[in-house]
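Here's the structure we're looking at; comments come further down.
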Amino acid sequence: GVAAAAPDAGPGPAWQSKCPWGAPSTTSISCSLADVMSEQLAKELQLEEERTAFPEVVAAAEGPFITGENIDTSSDLMLAQMLQMEFDREYDAQLRREEKKINGDSKVSISFENYRKVHPYDSDSSEDEVDWQDTRHDPYRADKPTTTPRRGFIGKGKDITTKHDEVVCGRKNTARMENFAPEFQVGDGIGMDLKLSNQVFNALKQHAYSEERRSARLHEKKEHSTAEKAVDPKTRLLLYKMVNSGMLETITGCISTGKESVVFHAYGGKSATEDKVIPPECAIKVFKTTLNEFKNRDKYIKDDYRFKDRFSKLNPRKIIRMWAEKEMHNLTRMQNAGIPCPQVVILKKHVLVMSFIGQDQVPAPKLKDVTLSNEDMKKAYYQILNMMQQLYRECNLVHADLSEYNMLWHDGKVWLIDVSQSVEPTHPHGLEFLFRDCRNVSQFFQKGGVAEALNERELFNAVSGLNITADNEVDFQAEIEALEKMNEDHVQNHGKKLSMFPSDGDPPIYDE
Ligand code: ADP
Ligand code: MN
């Protein structure tokens with residue numbers, strides 16, 4: 001995979017291999033398995049996406065025309081259709097507004113329903129109820145010359161046959177089963193001259209419709225479970241577009257699946273703008289859109305002053321994007337302070353692309369997984385002490401999930417990652433989070449044999465510049481909470497947060 005991913009592996013300029021018309025058909029470039037896989041994957045994802053969004057279109061396109069070569073074209077088609085769909089939705093929304101304006105609260109209203117543009121797949125008119133007495137669509141009519149005359153019956157006396165005749169009706173009912181969903185097996189009722197009573201027919205019809213709905217539900221479930229494992233179709237389309245645009249060369253695979261995110265490795269491609277350089281290797285962090293996992297993280301973001309105003313107005317999907325956005329902002333702050341951490345490449349919705357810490361697809365080990373020499377261990381400790389102070393003073397941040405799990409050992413130093421939950425120290429629980437971070441760090445290094453390692457309380461004071469004197473954990477924590485309370489009250493009373501850094505990075509002042 002490494003050789004094939006090198007940007008100069010293919011012959012000719014880059015545009016040639018990407019342009020559907022420009023590639024000479026005779027050249028067969030040897031291609032790594034990873035490339036084939038990803039191309040195939042991309043195509044599958046593409047089709048799948050189209051199938052969900054445009055069931056009818058794809059059914060038509062699956063003829064002899066879709067080949068590996070014109071995947072670009074089909075993607076354009078899809079994009080065009082998505083745009084059209086967006087346009088039509090807006091158009092319809094506008095119509096609805098006009099309708100409302102005109103009708104006001106008048107009892108008699110006019111409807112613009114007929115002018116709406118909704119696409120067939122998002123209107124649910126498929127359950128077109130056909131009254132069984134309605135003969136307009138009767139499939140029997142053509143090959144049954146003995147139609148019921150206008151007066152509703154034929155024959156005379158005892159032999160009178162009305163349109164409600166059992167046999168005629170039964171046959172009609174059998175034929176109407178053809179209108180059920182194609183997956184619904186009706187058998188060859190017409191062939192065996194099956195006559196269904198209205199009662200049986202109606203029961204079957206009911207069953208057919210509920211089956212249809214059930215299968216739709218099952219399908220939805222299936223989509224969800226794949227989202228659990230990797231990513232949902234919308235995310236896959238986002239990733240695919242990043243590769244398609246050339247920003248990423250290839251996405252090689254998954255590095256990590258956590259509860260809240262999935263991280264992929266990718267080789268960087270070329271940036272659309274000259275001034276931006278895409279790192280040779282990237283990590284793609286996809287924040288999971290299955291919302292339940294994020295519920296218990298609400299407290300991190302809900303009380304973050306930077307996001308407070310926005311939080312209440314947002315829907316869950318947007319809140320997830322905010323996690324990604326938060327990670328991006330926090331990483332940028334850290335980058336500016338010179339703290340070793342991934343560099344942000346791009347943020348697209350809930351997908352954050354950053355530089356990869358590691359080499360040749362192998363991520364740098366977490367501190368918990370690496371065995372360091374005593375010397376390196378001590379070095380790492382002092383580096384972290386330093387980084388925690390920088391983070392607090394220069395970035396105005398508390399990591400809030402700092403532990404040997406979120407520190408990588410790379411290039412002889414420690415790199416901080418996973419800062420989506422990081423908060424400003426004035427966060428109502430900011431100091432508690434800091435204390436927890438300190439406990440993790442000091443425990444790790446004390447166990448790791450660093451004699452110089454401060455205990456958690458000393459570390460807390462060293463990082464925050466506060467001077468909490470309690471000599472036991474319980475009192476210490478109580479003091480922390482009292483400080484937080486004071487800050488919170490101040491916010492309540494003054495409607496704005498108290499500056500933790502009044503002038504030049506002095507320790508925070510809590511009293512006035
Ligand atoms: P989570 O919230 O799932 O813990 P992380 O940001 O910690 O998310 O990422 C999960 C794992 O993915 C990390 O433990 C690390 O192994 C890997 N990882 C994340 N970002 C990078 C990166 N920029 N470079 C290399 N590996 C990364
Ligand atoms: Mn993590």
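At position 401 of the sequence shown the residue is numbered 401 (full-length UniProt numbering), and the sequence of numbers has no breaks.
By construction, the Cβ of each residue, glycine as well, lies at the ideal position given by its N, Cα and C atoms.
Check, Outcome
"Considering Cα atoms alone, identify which of S256, R457 and T174 is closest to F201.", "T174"
"What are the uninterrupted segments assigned as beta strand (DSSP E) that are 3 or more residues long and contained completely in the segment 317-374, given in chain order?", "344-348 and 351-355"
"How about M387 and L434: do their beta carbons lie closer than 8 Å?", "no"
"Any idea what DSSP makes of I509, helix, strand or coil?", "Caution applies to I509, whose pLDDT of 33 falls short of 50 and renders its modelled position unreliable; the model cannot decide the point."
"Can you say whether E249 is buried or exposed, counting buried as having 16 or more other CB atoms within 10 angstroms of its CB?", "buried"
"For E404, verify whether its CB is less than 7 Å away from any heavy atom of the ligand ADP.", "no"
"Return helix, strand or coil for N493, following the three-state DSSP convention.", "helix"
"When you compare each of D92, K368, E473 and V414 to K379 by their alpha carbons, which one comes out closest?", "V414"
"Rounded C-beta distance between L367 and A324? I'm assuming under 8 Å.", "Contact doesn't hold; Cβ gap of about 24 Å is too wide."
"Output the distance between the C-alpha atoms of V423 and R439, rounded to the nearest integer angstrom.", "17 Å"
"Is L397 buried or exposed, if buried means 16 or more other CB atoms sit within 10 Å of its CB?", "buried"
"Please go through the same chain and pick out, in chain order, the residues whose beta-carbon is closer than 6 Å to the beta-carbon of P363, but skip the five residues on each side of it.", "I255"
"What three-state label does DSSP hand S261 in the structure shown?", "strand"
"Looking at L402 and V441, is the spacing between their C-beta atoms short of 8 Å?", "yes"
"Reducing DSSP to helix, strand and coil, say where A283 ends up.", "strand"
"Leaving out the 5 sequence neighbours to the left and right, which residues in its chain are closer than 6 Å to A337 when beta-carbon positions are compared?", "Q390, E394 and C395"
"From the DSSP output, in three-state form, read off A266 for me.", "strand"
"Is it buried or exposed, T371, if we count other Cβ atoms within 10 angstroms and call 16 or more buried?", "exposed"
"Does the beta-carbon distance from E260 to K288 come in below 8 Å?", "yes"
"Our contact map puts Y381 next to A453 with C-beta atoms below 8 Å; I'd like the distance itself, whole angstroms only.", "6 Å"
"In angstroms with no decimal places, state the Cα-to-Cα distance between D88 and R116.", "8 Å"
"Nearer than 7 Å: is that true of the beta carbon of G258 relative to any heavy atom of the ligand MN?", "yes"
"Is S210 helix, strand or coil by DSSP?", "helix"
"Checking 8 Å against the spacing of the C-beta atoms, do V450 and M334 come in under that value?", "no"
"Whole angstroms are fine: how far does the CA of W409 sit from the CA of E375?", "14 Å"
"My assumption, with CB atoms under 8 Å, is that A482 sits in contact with D437. Please give the rounded CB distance.", "19 Å between Cβ atoms; not a contact."
"Using the beta-carbon count (16 or more within 10 Å), is R457 buried or exposed?", "buried"
"Does the Cβ of G358 lie closer than 7 Å to at least one heavy atom of the ligand ADP?", "yes"
"Under a three-way DSSP split, which group does C395 fall into?", "coil"
"Considering Cα atoms alone, identify which of S355, N103, G412 and E166 is closest to I384.", "G412"
"Please classify T426 as buried or exposed, where buried requires at least 16 other C-beta atoms within 10 Å of its C-beta.", "buried"
"What does C254 pair with, by DSSP beta-bridge criteria?", "F264"
"Going by Cα to Cα distance, which pick from E404, V474, L431 and S464 is closest to residue 543?", "This structure gives no information on residue 543, because the portion of the chain shown stretches from 1 to 512."
"Between I417 and the ligand ADP, is the CB less than 7 Å from at least one heavy atom?", "yes"
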